[in-house]
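Numbering (this note's numbering), first residue to last: 245 to 784.
Presented below is the structure to which this report refers.
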């Protein structure tokens, strides 16, 4: 009898040790930054690794505690399935992007059902994620069986509290952005509670939700225009202006910027085109990038009271906003708050329906393009948003020798660029028929980076953040110019309001033409914002 008991105890010990080891390895992988582990022998890295180990132990202890407390099978089933689902999501994000930060959280919160389905279909989810999803509940049930007894639970809770208290002393050395009384973004020290939640992957969404709420408070403040001494050139009122806002377009995917496939061949039929050689988007995701493109900003602060739509309105232009973006943020996002400042706003796909072709925006423009001038039209495309093949399933495609050499998603992405070129060309053709001078701008809100797995293009968030993720096209087309040219300029698009003002011939107290792309002696700080809302400077 004693031998059987000893054997049973031995098996339980092995199961428990293996389970705890798997949980520890998982959290170490989730928490650790691979780049920071490269020089493991340096003093700084030894300190970093020690911190990672402590945070990993805390997360592991937390799982052991919540896995051992309850004994009701139904309650445990629901709890363990939830933990399994969250853990699998974090593992996927870690593999795909390197880390789970505020930008990723915002994308998840503000993504509608249709976009979520498209994104999941476009990604090649690693097998290990499915294995974790299946195995985690079984591991947690085994822990629940093995860690019985009041003393064991008390020991685990005591150890968790002690280690959490020790770790939280570092909160003072970390900062988080918050809203100041005047509505600006400021950095404040993390509270201990926030620091603990932020560094425990399973609870991190709670901490990020607080930061998200702070941002929404700033973004949704009522807009009261602050533009002063606005004046406009008389020549500006004899034209129609069109601003085309693309989505997720890499500059390197355009043949006009050197790509080997003829993705922008249709633009060869368009005269008066100027390509800016090196445009840099403000951030790697739409919300963070486009809000800065449309309004005066500085570092983390965006002043929506100084937005380009109000500037155009005050200068006497008729303004229109036509959007093929989905439901996301229709009523409360900062982009929509600004779009609603136009004289006429049209959103398509407001009920999670399948996105229309971007050419529906051409119909909007055709319908509202009057015989006169003095109009500014904003066209917000769905563009090259994933799923790329969903975007191009009924569109023109590139039939060339490279098609057989590329994966399906890669071909679909290139096809989306081709159709964007056709879209721009159609706009110019429509404007020509109006017999009024015109000016057109095309840019993308952000770029993407190339990755080795499906869908082979990704937002530059987490460890994927890099300059290339911000490199986008910036194209000007004018009826008053002939031929095509490339303007050799590095331009940070966060200063676009100054370019916009000069483009439409408007001056204001807050406009600085030295930050305009048209200025030969342009003066800009060389930085962008990453998905963690950190200011990143570029030397190049």
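Heads up, the beta-carbon is just placed ideally off N, CA and C, and yes, glycines get one too.
Restricting attention to 635, 267, 626, the CA atom closest to the CA of residue 381 is found in 267. Burial is judged here by how many other beta carbons sit within 10 angstroms of a residue's own beta carbon; residue 510 has at least 16 and is buried. Under the DSSP assignment, residue 731 falls in the beta strand (DSSP E) whose first and last residues are 728 to 736. The C-beta separation of residue 528 from residue 704 comes to about 4 angstroms, placing the pair in contact by the 8 angstroms criterion. Residue 433 is bridged by DSSP to 419.
In the three-state reduction of the DSSP assignment, residue 702 falls in the strand class.
Residue burial annotation: residue 656 is buried, with at least 16 other C-beta atoms found within 10 angstroms of its C-beta. Boundaries cannot be given for residue 587, as no alpha helix (DSSP H) includes it and DSSP labels it neither H nor E.
Within the same chain, Cβ atoms closer than 7 angstroms to the Cβ of residue 422 are found at 430, 432, 458, the five residues on either side in sequence being excluded. In summary, residue 644 is exposed, with fewer than 16 beta-carbon neighbours lying within 10 Å of its beta-carbon over all protein chains present.
Ranked by how close their Cα comes to the Cα of residue 474, the residues 440, 551, 454 have 551 in first place. Per DSSP, residue 781 is one residue of the beta strand (DSSP E) stretching across 779 to 781. The region 337 to 354 makes no contact with the region 307 to 324: fewer than 3 CB pairs, one atom from each, lie closer than 8 angstroms. Contact check between the region 619 to 632 and the region 555 to 566: three or more CB pairs, one atom from each, fall below 8 angstroms, which counts as touching. Between residue 720 and residue 518, the gap from beta carbon to beta carbon is short of 9 angstroms. DSSP places residue 772 in the strand class (E or B) of the three-state scheme. In the structure shown, residue 382 falls within a helical segment according to DSSP collapsed to helix, strand and coil. Between residue 538 and residue 582, the C-beta gap is smaller than 9 angstroms, which places the two residues in contact. In this structure, the beta-carbon distance from residue 335 to residue 372 falls below 9 angstroms. Residues 508, 510, 511 of the same chain have their beta carbon placed closer than 6 angstroms to that of residue 665, with the five preceding and five following residues left out of the count. Residue 438 places its beta carbon less than 9 angstroms from that of residue 420.
DSSP lists 485, 722 as the beta-bridge partner residues of residue 683.
Excluding five sequence positions before and after residue 712, the CB atoms of its chain that fall closer than 6 angstroms to its own CB belong to 693, given in chain order. Leaving aside the five residues that flank residue 547 on each side, the residues in its chain whose CB is nearer than 8 angstroms to its CB run, in chain order, 470, 539, 540, 541.
For residue 624, the beta-bridge partners assigned by DSSP are 489, 567. For residue 519, the enclosing beta strand (DSSP E) has its first and last residue at 517 to 524. Taken atom to atom, the span from the alpha-carbon of residue 495 to that of residue 689 is near 11 angstroms. Around residue 477, the same chain offers 749 as residues with beta carbons nearer than 6 angstroms, after the five sequence neighbours per side are excluded.
Here residue 730 is exposed. Its C-beta has fewer than 16 other C-beta atoms within 10 Å. Residue 272 has its alpha-carbon roughly 48 angstroms from the corresponding atom of residue 585. Beta-bridge partners of residue 468 (DSSP): none assigned. A distance below 8 angstroms between beta-carbons, with the five flanking residues on each side excluded, links residue 765 to the following residues of its chain, in chain order: 758. Judged by beta-carbon spacing, residue 718 lies within the 9 angstroms limit of residue 761, meaning their Cβ atoms are closer than that value. When rounded, the separation of the alpha-carbon atoms in residue 406 and residue 265 is 21 angstroms. An exposed status is given to residue 262, since fewer than 16 other beta-carbon atoms sit within 10 Å of its beta-carbon. Taking all protein chains shown into account, residue 505 has 16 or more neighbouring C-beta atoms within 10 Å of its C-beta and is therefore buried.
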